[in-house]
Amino acid sequence: MTLGFDSHCHLHFHHFNEDLDAVVTDSGKAGISHIMIPSIDVETAERSADIAEKYNLFSAAAFHPEHLPEESIGEAEWLAIKHVLLRPNTVAVGETGLDYHHGTFEPAKQIRWFHRHIELAESIGYPLIVHSRGAESEVLNQLPSSLSVPVILHCWGGDESLTDIAVARGFYIGVDGPLTYKKSNKLRGLIPRIPRDRLLVETDSPFLPPEPFRGRRNQPAFTGFIIMKIRELWGDNMSIENTSYILWENAMRAYRLHPGNRRADIVYRYGDSLYVNLTSRCQNNCGFCIRKSADGIAGYSLRHREDPSKSLVLSTIEAFPIEGFKELVFCGFGEPTLRTDLLMTSATAAGARGVKTRLNTNGLCTSFLSDRQVVTLLRCFDSVNISLNASGAREYNRVCPSTVEDPWEHLMKFIKLVKTTCIRARVSVVKNSGADMHRVTALAERLQMPLRIR
Ligand code: SF4
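Quick note, the sequence shown lines up with residues 4 to 457 if you use the working numbering.
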C-alpha cells in the first residue's frame with residue numbers, strides 16, 4: 004500500500020460540499036493515505052473534526068490570524084475550540100500564527116492570540132500548526148526558544164536565512180503547489196537547505212493547485228505532483244513511492260502519530276463524562292482486558308509509551324473545560340492508583356473546580372499503600388468503581404492473573420476500607436470474562452455493594 008500524507012488540506016471549505024466523498028476516495032487512489040485538516044475558527048474546527056471522524060483522517064482546531072474572534076465573544080469561542088480539541092481525531096492546534104499580508108487585525112491582537120495558542124498547545128501536548136504570511140520573521144521571534152511540542156511552519160514563505168533559523172530550531176517546514184510554478188525559483192532554492200526529515204508536503208486545498216492544475220480547485224489527490232517536484236529537487240534516483248514515504252513519515256512524526264512518538268490522549272471524552280488516562284501500566288493481565296486487542300477506544304489513542312509527566316497531566320486537566328461534563332473519571336488504560344500522588348493531586352484539583360470525580364480501580368492498591376493512605380486517597384473522590392470480576396480467590400487468579408501476591412485478599416481488604424468511608428461505591432464485572440455471574444452477583448449482595456455488569 005502506498006503511504007502519502009497531505010499535511011495541510013482545508014476539506015472543511017464549501018468548495019468540497021458537493022463531492023467530498025469523491026475527493027477523499029480519489030486521494031486514496033492517488034496514494035494519499037493520510038490527510039490533516041486544519042481549521043480557521045469554531046465552525047470550521049467542528050466541521051473538520053466531523054470530516055476527520057467520518058473518513059478516518061485527522062484535524063486541528065484554532066483561530067486563523069485572519070479569523071480571530073471579537074473581544075466580546077472571545078472567551079466563549081476559545082472554550083468552544085477547546086471542546087473540539089477533545090474530539091478523537093483532532094490531534095493538533097492549528098492553524099494559528101500571524102498574517103501581516105492581509106492585515107485584517109492589528110499585530111498586537113494577532114500576537115496575543117498566537118501566544119494563547121502556543122500556550123494551549125504546550126499545556127495539552129499537541130503539535131502546533133503555524134501560518135505566517137508577510138510575518139515569517141515575526142513568527143520566529145514570537146515562538147519561544149524552547150518548545151515541548153512539534154511546530155509545523157505551514158506554506159512556508161521565509162527567505163534563506165529565516166529558513167536556516169527555522170531548521171536550526173527543529174521546526175517542520177511545509178511546501179505547497181507553488182513549488183511547481185515556473186517563477187518559484189526562490190522557493191525551490193530552499194529545498195536543499197531543509198533536512199529531508201523536516202520537510203512536509205501539503206496542498207493547502209482548495210488553494211494553491213500545483214502545475215498542471217493551476218486555475219482549478221486544488222485537492223489532496225494532487226499532492227503527488229508536489230512530491231514529484233521534491234523528488235526532482237532532491238536530485239537522486241529515489242522512486243516516487245520512497246519520496247512519498249519519507250514525507251509521510253515526517254508528517255507522522257510532526258503530528259505525533261508515528262509509532263515512535265505517538266501521543267496518547269490524557270483526557271478523552273466518553274458519553275457525557277471525561278476520562279483521565281494516567282498510565283498504561285497494571286499489575287494484572289486480565290483475559291478480557293481491552294489493552295490486549297486495541298490501543299484505545301472510541302477513536303482515542305490511549306496506550307502511553309511511557310507515563311505522561313505530572314506537569315503535562317495537570318496542565319492538560321487545567322486547560323480543558325472539564326466543568327461541562329457529568330464527571331471526571333480516573334481510569335486509564337491501566338491502573339490509575341499506580342500513580343497515587345498524581346491521582347490525588349489531579350482529583351483534588353478537579354474537585355476544587357466543582358467537578359464530580361470517580362476512581363475506577365482494580366482495588367489492589369492495599370498491596371503498596373497503608374490503610375491510612377488508601378483512605379486518604381479515597382477521600383479525594385466522590386465515587387469509586389471497583390473491578391470485582393470474580394467470586395473468590397481461585398476464580399480471580401484464573402480471570403485476572405496478577406503480579407500481586409494474594410490479589411483477592413488485597414481486593415477484599417480494599418472493599419472493606421471503602422466501606423469505612425462515605426464515598427459512593429460499586430463493584431463491577433465484565434459479562435464475558437469467564438467469571439460465574441451468579442456467584443459474583445451473590446457475592447456483591449453479601450458485600451452490600453451495587454453491582455454493575457459491563
Ligand atoms: S485490571 Fe483493568 S487494566 Fe488491569 S489488566 Fe485487568 S482489565 Fe486491564
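Quick reminder that beta carbons are idealized off the backbone N, C-alpha and C, glycines included.
Drop a sphere of 10 angstroms on the beta-carbon of Gly128, count the other beta-carbons inside from all chains shown, and report buried for 16 or more, exposed for fewer. buried
Near His70, what residues of its chain come up, given a Cβ to Cβ distance below 7 Å and the 5 sequence neighbours on each side ignored? Ile43 and Asp44
Does Lys2 pass the burial test, meaning 16 or more other C-beta atoms within 10 Å, or should it be called exposed? Given a span of 4 to 457 for the chain in the structure shown, any question on residue 2 remains unanswerable.
In angstroms, rounded to a whole number, what distance separates the CA positions of Tyr184 and Ser208? 16 Å
Say whether the segment 313 to 321 touches the segment 366 to 377, bearing in mind that this needs 3 or more beta-carbon pairs closer than 8 Å, one atom from each stretch. no
Indicate, with yes or no, if the ligand SF4 has a heavy atom lying under 7 Å from the CB of Glu408. no
Report, in whole angstroms, the separation of the C-beta atoms of Glu41 and Glu98, which I expect to be a contact under 8 Å. According to the sequence shown, residue 41 is Pro rather than Glu. Yes, Pro41 and Glu98 are in contact; Cβ-Cβ is about 4 Å, under 8 Å.
What is the DSSP secondary structure of Arg375, counted as helix, strand or coil? helix
Starting from His120, trace the alpha helix (DSSP H) in both directions and tell me its first and last residue. Pro110 to Ile127
Closest to Pro147 by CA distance: which of Asp9, Phe333, Arg172 and Val432 is it? Arg172
Of the choices Lys329, Arg342, Thr444 and Tyr303, whose alpha-carbon is the least far from that of Glu56? Tyr303
Rank Asn365, Pro324, Val378 and Gly180 by C-alpha distance to the C-alpha of Ala353 and give the top, closest one. Checking every option, the nearest Cα to that of Ala353 belongs to Pro324.
Tell me the residue span of the beta strand (DSSP E) that contains His157. From DSSP, the beta strand (DSSP E) with His157 extends over Val154 to His157.
On the criterion of 16 or more Cβ atoms from any shown chain inside 10 Å, does Gly514 qualify as buried, or is it exposed? With the chain running from 4 to 457 in the structure shown, residue 514 is simply not present.
Buried or exposed by the 16-neighbour rule on C-beta atoms within 10 Å, applied to Pro311: buried
List, from N- to C-terminal side, the beta strand (DSSP E) runs of 3 residues or more that fit wholly inside the segment 285 to 335. Runs of the beta strand (DSSP E) inside the segment 285 to 335: 331 to 333.
Distance check for Ile426 and Ala64, CA to CA, integer angstroms please. The alpha-carbon of Ala64 is positioned some 38 Å away from that of Ile426.
Beta-carbon within less than 8 Å of Val26's beta-carbon, same chain only, minus the 5 sequence neighbours each way: which residues are those? Leu14, Phe19, Gln222, Pro223 and Ala224
Alpha-carbon to alpha-carbon, Arg294 and Arg234: 40 Å
Between Phe61, Glu74, Val87 and Ser51, which lies nearest to Val270 when the distance is taken from Cα to Cα? Val87
Leaving out five residues before and five after Leu143 in sequence, what residues of the same chain have Cβ atoms less than 7 Å from its Cβ? Here the set comprises Leu165, Ile168 and Ala169.
Neighbourhood of Ser51 by C-beta, 6 Å cutoff - its chain only, sequence neighbours within 5 removed: His15, Ile40, Ser42 and Ser62
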